[in-house]
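Protein chains in written order, with the numbering used here: chain A, 715 to 853; chain B, 715 to 853; chain C, 715 to 853; chain D, 715 to 853.
Virtual Cβ for every residue (Gly too), placed ideally from N, Cα, C.
A short write-up of the structure that comes next.
Protein chains: 4
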Amino acid sequence: MGKTIRFGVSLNSDLLDQFDALCEEKSYPNRSEAIRDLIRGVLVEREQQLGGKDLAAVLTLVYDHHFSDLTQRLMEAQHDSHDVILTTMHVHLDHHNCLEVLILKGAGDTIKRLADKLIATKGVKHGKLTLTTTGQGIA
Amino acid sequence: MGKTIRFGVSLNSDLLDQFDALCEEKSYPNRSEAIRDLIRGVLVEREQQLGGKDLAAVLTLVYDHHFSDLTQRLMEAQHDSHDVILTTMHVHLDHHNCLEVLILKGAGDTIKRLADKLIATKGVKHGKLTLTTTGQGIA
Amino acid sequence: MGKTIRFGVSLNSDLLDQFDALCEEKSYPNRSEAIRDLIRGVLVEREQQLGGKDLAAVLTLVYDHHFSDLTQRLMEAQHDSHDVILTTMHVHLDHHNCLEVLILKGAGDTIKRLADKLIATKGVKHGKLTLTTTGQGIA
Amino acid sequence: MGKTIRFGVSLNSDLLDQFDALCEEKSYPNRSEAIRDLIRGVLVEREQQLGGKDLAAVLTLVYDHHFSDLTQRLMEAQHDSHDVILTTMHVHLDHHNCLEVLILKGAGDTIKRLADKLIATKGVKHGKLTLTTTGQGIA
Numbered sequence: 715m716g717k718t719i720r721f722g723v724s725l726n727s728d729l730l731d732q733f734d735a736l737c738e739e740k741s742y743p744n745r746s747e748a749i750r751d752l753i754r755g756v757l758v759e760r761e762q763q764l765g766g767k768d769l770a771a772v773l774t775l776v777y778d779h780h781f782s783d784l785t786q787r788l789m790e791a792q793h794d795s796h797d798v799i800l801t802t803m804h805v806h807l808d809h810h811n812c813l814e815v816l817i818l819k820g821a822g823d824t825i826k827r828l829a830d831k832l833i834a835t836k837g838v839k840h841g842k843l844t845l846t847t848t849g850q851g852i853a
Numbered sequence: 715m716g717k718t719i720r721f722g723v724s725l726n727s728d729l730l731d732q733f734d735a736l737c738e739e740k741s742y743p744n745r746s747e748a749i750r751d752l753i754r755g756v757l758v759e760r761e762q763q764l765g766g767k768d769l770a771a772v773l774t775l776v777y778d779h780h781f782s783d784l785t786q787r788l789m790e791a792q793h794d795s796h797d798v799i800l801t802t803m804h805v806h807l808d809h810h811n812c813l814e815v816l817i818l819k820g821a822g823d824t825i826k827r828l829a830d831k832l833i834a835t836k837g838v839k840h841g842k843l844t845l846t847t848t849g850q851g852i853a
Numbered sequence: 715m716g717k718t719i720r721f722g723v724s725l726n727s728d729l730l731d732q733f734d735a736l737c738e739e740k741s742y743p744n745r746s747e748a749i750r751d752l753i754r755g756v757l758v759e760r761e762q763q764l765g766g767k768d769l770a771a772v773l774t775l776v777y778d779h780h781f782s783d784l785t786q787r788l789m790e791a792q793h794d795s796h797d798v799i800l801t802t803m804h805v806h807l808d809h810h811n812c813l814e815v816l817i818l819k820g821a822g823d824t825i826k827r828l829a830d831k832l833i834a835t836k837g838v839k840h841g842k843l844t845l846t847t848t849g850q851g852i853a
Numbered sequence: 715m716g717k718t719i720r721f722g723v724s725l726n727s728d729l730l731d732q733f734d735a736l737c738e739e740k741s742y743p744n745r746s747e748a749i750r751d752l753i754r755g756v757l758v759e760r761e762q763q764l765g766g767k768d769l770a771a772v773l774t775l776v777y778d779h780h781f782s783d784l785t786q787r788l789m790e791a792q793h794d795s796h797d798v799i800l801t802t803m804h805v806h807l808d809h810h811n812c813l814e815v816l817i818l819k820g821a822g823d824t825i826k827r828l829a830d831k832l833i834a835t836k837g838v839k840h841g842k843l844t845l846t847t848t849g850q851g852i853a
């Protein structure tokens with residue numbers, strides 16, 4: 715892994731004042747960390763567009779477990795794709811509603827297909843796939 | 715909770731053919747479930763814009779646990795907000811990289827502030843807040 | 715173009731009540747039009763992901779025309795891509811700020827590359843590419 | 715307007731190499747301009763979330779002008795809101811399809827309501843509201 719280096723950015727002072735205010739609002743310890751986050755953000759976005767590298771992802775599902783044999787169907791669909799599902803976690807939101815989180819790792823296409831399938835399952839109220847990075851190559 | 719009712723939608727047959735193809739591609743069991751998902755999607759989005767109701771949310775963090783006292787700092791920041799963090803799950807992606815998922819429930823503003831703070835922590839490579847619904851009122 | 719047909723959707727009445735309220739809030743003349751819009755929305759999104767078909771797009775740029783030779787540089791970059799730029803429109807927002815809109819039509823990749831280039835031009839304060847559809851094949 | 719100042723950012727050299735590659739791919743003249751764009755991007759986003767300031771915005775509509783009295787209805791709805799519509803531009807995409815762009819300026823809520831209404835009009839195939847900035851206060 716590379717060493718830390720320092721470079722200069724020139725900027726209008728009004729713009730910098732506004733950025734500093736936003737950094738404070740978002741609890742950044744300093745300006746550099748905020749800029750590193752912006753940079754890592756566009757790199758991760760690019761990584762996701764390009765494909766080719768494994769992605770990490772989180773699938774969030776909200777459903778009513780009383781719904782017919784939904785729990786069973788979700789379980790079976792997940793086992794069919796056990797190789798890209800690292801782990802899952804389940805929260806009982808109330809008497810009816812469950813929130814389930816799946817941590818996924820694999821090719822972007824495979825992950826998206828699995829997410830589509832689980833979200834499409836009858837009884838799932840809301841589903842969202844959040845793509846992130848495996849962190850490899852992102853310093 | 716209301717009973718199931720049925721209503722008619724009129725549509726150009728070309729549009730319907732394309733929609734049916736997309737439903738099949740996304741593994742929907744039938745057209746009604748796909749339309750229910752579209753409807754629930756805009757309702758959940760609206761719920762998030764309006765505020766006022768508790769939201770459920772998932773925060774995804776990727777970080778290098780070798781980074782100075784990062785684990786400790788994340789732990790402390792989380793305990794300061796333990797009332798909106800239902801649970802967390804941690805995956806060791808490789809020797810360096812961790813993926814941590816926090817399930818949150820509470821007022822939208824509180825959740826966003828906490829997410830901002832954790833994402834801004836030095837050493838966190840990537841963070842994303844995914845807003846979803848508690849499922850209450852979404853049939 | 716296909717003829718209009720009618721099909722039934724079954725739905726929980728609570729969900730339908732909420733959807734009707736949202737349709738009214740968004741000024742939809744009726745439920746069918748709102749559902750057609752949801753369906754066209756996902757089809758257009760899919761069209762953009764798949765590539766292969768020409769897209770229509772709108773590029774929005776905000777810049778300060780006092781900035782060195784910015785107007786000249788934007789003009790030249792646009793002429794280099796005149797084949798995908800159908801037309802442009804310019805508004806003088808105030809003494810300094812201009813809003814320029816370019817209507818683009820062509821392959822997704824070409825459009826994105828041109829947008830990247832214009833947004834990256836020094837002096838452009840904000841730029842956003844909005845992908846839409848040529849309307850062909852969307853009934 | 716403030717003067718140009720220069721500040722240092724410290725960064726891992728691997729991260730910087732990747733960022734430089736992305737800057738080149740996106741045609742940035744130099745690293746500073748790319749970072750200024752990232753900073754302006756989050757400031758404009760924040761401006762839109764906060765409300766209170768006038769926004770500039772572009773509404774993109776695609777529709778079939780053969781559709782009943784659509785042109786007339788769009789025209790009337792626009793005149794009802796002429797105070798926030800600075801100008802409009804129209805492109806004949808093909809024999810059927812039109813692309814119309816409206817440049818809007820005003821309070822965020824007013825703009826969104828007008829966009830909702832025009833997008834909801836029967837016969838509009840696709841509509842998208844793109845929020846940007848009036849450029850005031852963004853250096």
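Please classify A:K831: does DSSP put it in a helix, a strand, or coil? It is helical.
Start and end residues, alpha helix (DSSP H) containing A:V758: Residues 745–764.
Examine chain D for any beta-carbon lying closer than 8 Å to the beta-carbon of A:Q732, and answer yes or no. The C-beta of A:Q732 comes closer than 8 Å to at least one C-beta of chain D.
Of the listed residues B:I719, B:E739, B:H810, nearest to A:R827 (C-alpha basis): Of the candidates B:I719, B:E739, B:H810, the residue whose Cα lies closest to the Cα of A:R827 is B:E739.
Hey, D:L784 and D:G837 are a contact pair by Cβ (cut 8 Å); roughly how many whole angstroms apart? Taking C-beta atoms under 8 Å as the contact rule, D:L784 and D:G837 qualify, at a distance of about 4 Å.
Could you check the C-alpha separation between A:H779 and D:T846 for me, to the nearest Å? The alpha-carbon of A:H779 is positioned some 42 Å away from that of D:T846.
Residues of chain D with CB under 8 Å from A:R754, in chain order? Under the 8 Å cutoff, chain D gives L729.
Is there at least one Cβ from chain A nearer than 8 Å to B:L807's Cβ? B:L807 has a beta carbon lying within less than 8 Å of a beta carbon in chain A.
Considering just the uninterrupted stretch of the beta strand (DSSP E) at D:L771, what are its terminal residues? Reading off the sequence shown, one finds Ala at residue 771 of chain D, where the question assumed Leu. That run of the beta strand (DSSP E) goes 769–778.
Under the three-state DSSP convention, the category A:G822 falls into: Note: A:G822 maps to helix in three-state DSSP.
Would you say B:N726 reaches chain A, if we count a Cβ-Cβ gap shorter than 8 Å as a contact? Answer no: the Cβ-Cβ gap between B:N726 and chain A never drops below 8 Å.
Per DSSP, what kind of secondary structure is D:F733 in: helix, strand or coil? Helix at D:F733.
With the cut-off set at 8 Å, would you say D:I753 and A:L729 are in Cβ contact? Taking 8 Å as the Cβ cut-off, D:I753 and A:L729 qualify as a contacting pair.
Based on Cα-Cα distance, which residue from C:S746, C:I719, C:N726, C:K831 lies nearest to C:E790? Of the candidates C:S746, C:I719, C:N726, C:K831, C:K831 places its Cα closest to the Cα of C:E790.
Start and end residues, beta strand (DSSP E) containing A:H806: Boundaries of the beta strand (DSSP E) around A:H806: 799–806.
Measuring alpha carbon to alpha carbon, tell me which residue in C:I825, C:A735, C:I719 is nearest C:D794. The candidate whose alpha carbon is nearest that of C:D794 is C:I825.
What three-state label does DSSP hand B:T847 in the structure shown? The answer is coil: DSSP assigns B:T847 none of H, G, I, E or B.
Could you list which residues in chain D have their beta carbon closer than 8 Å to that of C:M803, in chain order? In chain order: T801, M803, V815, I817.
Could you tell me the distance, in whole angstroms, from the CA atom of D:G841 to the CA atom of C:E759? Going by the C-alpha atoms only, they are around 12 Å apart.
How about B:I749: is its C-beta nearer than 8 Å to some C-beta of chain A? With a threshold of 8 Å between beta carbons, B:I749 makes no contact with chain A.
For D:G722, the first and last residue of its enclosing beta strand (DSSP E): Looking at the DSSP string, the run of the beta strand (DSSP E) that includes D:G722 is 718–726.
Chain B contacts made by the region 769–780 of chain A, where a contact means CB separation under 8 Å: The region 769–780 of chain A vs chain B, Cβ under 8 Å: A770, V772, T774, V776, Y777, D778.
Taking 8 Å as the cut-off, decide whether the C-beta atoms of D:T835 and D:L788 are in contact. In contact: D:T835 and D:L788 (Cβ atoms closer than 8 Å).
Where does A:H793 sit, in a helix, a strand or coil, going by DSSP? Secondary structure at A:H793: helix, using DSSP grouped into helix, strand and coil.
Counting only C-beta atoms, is C:V758 closer than 8 Å to chain D at any point? So yes, C:V758 belongs to the interface.
DSSP beta-bridge partners of D:E814: Beta-bridge pairing by DSSP links D:E814 to D:L775, D:H804.
With distances taken Cα to Cα, identify the nearest neighbour of A:G851 among B:H810, B:P743, B:A829, B:S741. Considering only alpha carbons, the answer is B:H810.
What do you get for C:Q786, buried or exposed, if any count of 16 or more other CB atoms within 10 angstroms of its CB means buried? So C:Q786 counts as exposed.
Separation of D:H804 from C:H804, as counted between CA atoms: As the crow flies, the alpha-carbon of C:H804 is around 14 Å from that of D:H804.
Are the C-beta of C:S741 and some C-beta of chain D separated by less than 8 Å? C:S741 has a beta carbon lying within less than 8 Å of a beta carbon in chain D.
Determine whether the Cβ of A:T844 lies closer than 8 Å to any Cβ atom of chain B. When Cβ-Cβ separations below 8 Å define contact, A:T844 makes contact with chain B.
Could you tell me if C:F733 is buried or exposed, where buried requires 16 or more neighbouring beta carbons within 10 angstroms of its beta carbon? With 16 or more other CB atoms across the displayed protein chains lying within 10 angstroms of its CB, C:F733 is buried.
Among A:G820, A:Y742, A:I833, A:A829, which has the Cα closest to the Cα of A:G765? Out of A:G820, A:Y742, A:I833, A:A829, A:G820 has the C-alpha closest to the C-alpha of A:G765.
Rounded straight-line distance, which links the Cα of D:N726 to that of C:D751: C:D751 and D:N726 have their C-alpha atoms roughly 46 Å apart.
Is there a Cβ of chain A sitting closer than 8 Å to that of B:A821, yes or no? At a cut-off of 8 Å, the C-beta of B:A821 has no neighbouring C-beta in chain A.
Assuming B:V723 and C:S746 form a contact by the criterion Cβ under 8 Å, report the distance between their Cβ atoms to the nearest whole angstrom. Taking 8 Å as the upper bound for CB-CB distance, B:V723 and C:S746 are in contact here, some 5 Å apart.
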